[in-house]
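Note sheet for the following structure.
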Amino acid sequence: MDQELQRNLIEPRYFRGLSTPFSFSLTRLASSFNFQQNQSFDDDYGYSRPIVVLDVIWNLAFVLVSCFVLLTTIGENPSTPLRLWIGGYALQCLLHVGFIWIEFQRRSFDDFDAINFDRVSPFSLFHSSIMKRLESVNTVISSIWWVFGFYWIVMGGQALLQDSPRLYWLSVVFLAFDVFFMIFCIAIACVVFFALFCFFPFIATVAYAMRLGYGASENDIKTLPKYRYGQPNTSGNLVNMKMGEDHLISQFNSSDSVPELALQPDDSECCICLYKYVDGVELCVLPCNHHFHHGCISKWLRINATCPLCKFNILRGDSLV
60 MDQELQRNLI EPRYFRGLST PFSFSLTRLA SSFNFQQNQS FDDDYGYSRP IVVLDVIWNL
120 AFVLVSCFVL LTTIGENPST PLRLWIGGYA LQCLLHVGFI WIEFQRRSFD DFDAINFDRV
180 SPFSLFHSSI MKRLESVNTV ISSIWWVFGF YWIVMGGQAL LQDSPRLYWL SVVFLAFDVF
240 FMIFCIAIAC VVFFALFCFF PFIATVAYAM RLGYGASEND IKTLPKYRYG QPNTSGNLVN
300 MKMGEDHLIS QFNSSDSVPE LALQPDDSEC CICLYKYVDG VELCVLPCNH HFHHGCISKW
360 LRINATCPLC KFNILRGDSL V
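Take any residue in the sequence shown, count from 1 to its spot, add 59: that is its number in the numbering used here.
Below you can see the structure in the form of C-alpha cells.
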C-alpha cells in the first residue's frame, strides 16, 4: 500500500501511458496530491464521477478528431504509416475509455453491495485485477506506440508536410499533447516534492504546537511557585520535601521571604537552556514537580502550556504522554 501511494505521488497516472495524456493525468493527478490519505481514498477520488466523465469526454474527442481527419484525408499519401499510427492512437483511447468506464461501474456496484450487504464479492475483486492488468498492457503498448509515431514524424520530415499536411499536423498535435502533459506532470511532482522538502519541518512544528495546545497566560505563569536556588549547606531553617524522585530542600532565609531550593548535584540543571543552577538564581517549579529557570520556563509556557519533560499541561492538569 505504501509503495503504491508513493508511486502515485511521484509518478502520476499520465506516466503510465502516453497515448491519452490528459485523461491519465486527470484520473491520477488529483489522487496523487492526497499522499497523506490511504489507498482506498486515493482510488475512490481518482474514479469519482466528475473525473471519469471529463476523462471519457476528452478521450472520445481524440477519437472523433482522429476519425474525421482519417475520413477527410483519403487523397493524402504519407511516406510513413501515419494513418496506421493515428488509427492505433484512437483505438488506444477507446480501450482506455472502456477500461475506465468498466472500472467505474464495478466500483459503483461494489459500493452498493458494501452498503446493503456489507461485503464485496470475490468475483468483483478478480474482475478488478484483470482490468488493471489489461490497462497496464494498454499503457505499455501506448508508450511504445508513441515512440513509433515520433520516429515516423521525424523520418518523414518535409516530405510528410508536403504530401499529407493534415495527417502530419494531427500527429504532431497528438505528440505535442503527450509531451506537454508529461512535462506538466513532472513539474507538478517536482513542485510537490520541493514543497514537502522545504515546508515539512515547518508544518510538523505547527502541527505539533497545535497538538500541544495554546500557551499559558501571564496570570497562569505568575501563579506558579518560585524559589531561589541555594547550595545544600547554606544557613537557614530547613524543611525536607520529596517531590517525585527528586529530593528538594526548602530553605527560608531570615533576610528574604522567598523560599530557597537545594537540589541534588545531578539534578541542579535547567533542561531548557542546559545550564547549571547558580546560587541565588530564580527557579520555577511546575505542578509535575519539574523545575527550570524562571525566565526559561516563562518563555516556554507562553508558547505552549506543557512541561518540556513530561508534557504535563498546567492549564488542564493532565499529560499528553
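Glycine residues also receive a C-beta, built at the ideal position from the N, C-alpha and C atoms.
- Taking Ile161 as the centre and dropping the five residues before and after it, the same chain places the C-beta of Met190 closer than 8 Å to its C-beta, in chain order.
- Bounds of the beta strand (DSSP E) holding Leu342 are Glu341 to Val344.
- With a 10 Å radius around the Cβ and a threshold of 16 neighbouring Cβ atoms, Thr131 comes out exposed.
- Counting every other CB atom within 10 Å of its CB across the protein chains shown gives Glu194 a total of 16 or more, marking it as buried.
- Bounds of the alpha helix (DSSP H) holding Lys281 are Glu277 to Lys281.
- The secondary-structure analysis by DSSP pairs His349 with nothing; it has no beta-bridge partner.
- Contact annotation, Tyr334 with Ser327: C-beta distance approximately 10 Å; criterion of less than 8 Å not satisfied.
- Gly274 has its alpha-carbon roughly 59 Å from the corresponding atom of Leu154.
- Excluding five sequence positions before and after Val128, the CB atoms of its chain that fall closer than 8 Å to its own CB belong to Ile145, Arg225, Leu226 and Leu229, given in chain order.
- Closest by C-alpha distance to Cys329, out of Ala218, Val344 and Asn278, is Val344.
- In the DSSP annotation of this structure, the continuous segment of the beta strand (DSSP E) that includes Ala321 starts and ends at Glu319 to Ala321.
- About 6 Å separates the CB atoms of Gly289 and Ala321; that is less than 8 Å, so the two are in contact.
- A contact between stretches requires three or more CB pairs, one per stretch, nearer than 8 Å, and the stretch 364-379 meets this requirement with the stretch 346-353.
- Rounded to whole angstroms, Ile133 and Val250 show a C-alpha spacing of 45 Å.
- Between Thr139 and Met214, the gap from beta carbon to beta carbon is short of 8 Å.
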